[in-house]
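For reference, the structure is listed below as structure tokens.
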Amino acid sequence: MPTPLHQHAAALAAVGNDHWIETLEDGSHVLIRPLRSEDRELERDFLNRLSPMTRKLRFHGEVKVNEALLDSLMDVDYQQTMAFVALVHEDGELREVGISRYAAAEDGSQCECALTTADDWKRKGLGLTLMRHLIEVARRNGFTQMYSIDQAIDRDMRDLAVQLGFRAQRDPDDSTRVIRSLEL
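Numbering of the sequence shown is given in UniProt numbering, commencing with residue 1 and proceeding in unit increments.
See below:
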């Protein structure tokens with residue numbers, strides 16, 4: 001059920017700053033802000049530009065970018081679900097180059113997170129920057145633990161999780177996956 005507009009605005013205000021300009025390790029700059037409903041086409045283009053391997057690691061298998069997937073990804077209420085996008089201007093066009101997100105787990109004290117970085121923006125510190133913003137907002141919104149479920153072969157997520165202090169354990173139901181958790 002959609003959040004009434006005034007509650008939606010209040011939840012967004014609780015996120016804090018509306019946007020940030022961040023300088024990455026290679027000196028490039030990105031604008032980071034909460035995902036907005038008008039970002040739907042940016043999100044579609046972003047997903048379609050991902051390599052098959054990046055898309056497979058993010059979604060745990062092959063996925064078709066369709067309206068149902070976009071509906072799910074764009075459903076953000078800024079409290080129980082949150083997403084930050086990283087945007088750059090390239091050739092006069094605004095382009096999404098990364099996104100971090102969380103969704104509340106059933107118990108309400110934990111949230112599951114995910115991160116996706118454009119292939120040509122990996123290893124620049126973008127994932128770390130996006131996750132730090134996400135972790136801060138999850139804490140502010142009262143979550144006590146954040147976790148992710150990742151493919152065991154995903155070295156980028158492994159390295160990032162170590163940097164951020166996540167603990168890792170094999171998924172007891174699927175040996176190809178790792179569950180990473182962070183006490184907030």
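Ideal placement from N, C-alpha and C gives every residue a C-beta, glycine not left out.
If you're wondering where the values come from, they're calculated on a predicted model, not measured in any experiment.
Item, Value
"Distance between beta carbons of residue 148 and residue 186, contact taken as under 8 Å", "What is shown of the chain runs 1 to 184, which leaves residue 186 out entirely."
"Backbone CA spacing between residue 60 and residue 118 [nearest angstrom]", "17 Å"
"Uninterrupted alpha helix (DSSP H) stretches inside the stretch 103 to 159 (no shorter than 4 residues)", "126 to 140"
"Exposed unless 16 or more other CB atoms sit within 10 angstroms - verdict on residue 21", "exposed"
"The stretch 74 to 84 touching the stretch 128 to 147, judged by at least three CB pairs closer than 8 Å", "yes"
"Classification of residue 30 by the beta-carbon crowding that lies within 10 angstroms, buried from 16 upward", "buried"
"First through last residue of the beta strand (DSSP E) which encompasses residue 45", "Element bounds for residue 45: not the beta strand (DSSP E) but the alpha helix (DSSP H), 40 to 49."
"Own chain partners of residue 63 with C-beta closer than 7 Å, once the 5 adjacent residues on each side are dropped", "55 and 69"
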